[in-house]
Amino acid sequence: MFKKTLSMICCVIFLQGCSQEQEVKKEMTNMETALLTATEKQETNTVISLLKKGADVNIQDDMKNNPFLYAGAEGYFDILKLTIDAGADPSLTNRYGGTALIPASEHGYIDVIKELLTRTTIDVNHVNNLGWTALMEAIVLSNGNETQQQVIRLLIEHGADVNIPDNDGVTPLEHARVHNFEEIEKILLATNK
Numbered sequence: 001m002f003k004k005t006l007s008m009i010c011c012v013i014f015l016q017g018c019s020q021e022q023e024v025k026k027e028m029t030n031m032e033t034a035l036l037t038a039t040e041k042q043e044t045n046t047v048i049s050l051l052k053k054g055a056d057v058n059i060q061d062d063m064k065n066n067p068f069l070y071a072g073a074e075g076y077f078d079i080l081k082l083t084i085d086a087g088a089d090p091s092l093t094n095r096y097g098g099t100a101l102i103p104a105s106e107h108g109y110i111d112v113i114k115e116l117l118t119r120t121t122i123d124v125n126h127v128n129n130l131g132w133t134a135l136m137e138a139i140v141l142s143n144g145n146e147t148q149q150q151v152i153r154l155l156i157e158h159g160a161d162v163n164i165p166d167n168d169g170v171t172p173l174e175h176a177r178v179h180n181f182e183e184i185e186k187i188l189l190a191t192n193k
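Heads up, the sequence shown is in the UniProt record's numbering, so the first residue is 1 and it goes up one at a time.
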């Protein structure tokens, strides 16, 4: 009788422990979801609060988004800095296989680009699923304006290889010529000397 009672008590304690572990996992999942939602809504104070509670900035959702990638892609500079301070992994990629630097370069988010290049170990020459680097995306998906010229100079200053072609073998210089981006063409040619 004593053995049965002791066994039952042990089972109850074990099951309660499992239940608590499941609750902690559920709470952490909810925290990561809340962190991404707060990032998407640019609720910086909520992001700060969730990070202080231990939310993991590197957890990606089903779309492969996380606060670091989203903040970089959308130009949310303050939140990006918070995620870097919280240990964001700069090698994580989005659903297109791109790092945070690639969409930031496309959109011309100069402050975000500088932050990524100076405060993380992000690979300036990372190639996404389309065969594009940050430099390539800054040319192909832009209008070639002064901001994009600044982006291209910044990427080159930090080691961007101007000769990496896309999946079709087209180089950044060739894309600049096709788009009639004369200033960008000059920047690329000056780098190749």
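C-beta: ideal position from N, C-alpha, C; glycine also.
DSSP state of residue i, grouped into three classes?
i: T33; result: helix
i: residue 194; result: Any property of residue 194 remains undetermined from this structure, which presents the chain solely from 1 to 193.
i: F181; result: coil
i: A149; result: Sequence check: residue 149 is Gln here, not Ala. In the structure shown, Q149 sits in a helix (DSSP, three-state: H, G or I).
i: R119; result: helix
i: S49; result: helix
i: V170; result: coil
i: D111; result: helix
i: H158; result: coil
i: N192; result: helix
i: V124; result: coil
i: G75; result: coil
i: I102; result: helix
i: P165; result: coil
i: E43; result: coil
i: M136; result: helix
For a quick check, are the C-beta atoms of residue i and residue j less than 8 Å apart?
i: I79; j: T46; result: no
i: I102; j: I152; result: no
i: G131; j: D166; result: yes
i: Q60; j: L92; result: yes
i: A104; j: G72; result: yes
i: E174; j: S142; result: no
i: residue 238; j: Y96; result: Only positions 1 to 193 of the chain appear in the structure, and residue 238 is not among them; the question remains open.
i: residue 261; j: Q148; result: Residue 261 is absent from the structure shown; the chain starts at 1 and stops at 193.
i: residue 209; j: T191; result: Since the first residue of the chain shown is 1 and the last is 193, residue 209 is not available in this structure.
i: P172; j: L135; result: yes
i: I139; j: A176; result: yes
Straight-line CA distance for residue i to residue j?
i: D89; j: Y109; result: 19 Å
i: P67; j: K114; result: 18 Å
i: T99; j: G159; result: 16 Å
i: E137; j: L51; result: 31 Å
i: residue 194; j: N65; result: One cannot answer for residue 194 here, as it falls past the ends of the chain, which runs 1 to 193.
i: V127; j: A86; result: 25 Å
i: T39; j: V162; result: 33 Å
i: I84; j: R119; result: 8 Å
i: I48; j: Y70; result: 16 Å
i: M63; j: T33; result: 12 Å
i: F181; j: I156; result: 17 Å
i: V57; j: H179; result: 38 Å
i: N125; j: L35; result: 29 Å
i: K193; j: V112; result: 29 Å
Is residue i near the ligand GDP, going by C-beta to nearest heavy atom under 7 Å?
i: V170; result: The model depicted lacks the ligand GDP and carries no ligand whatsoever.
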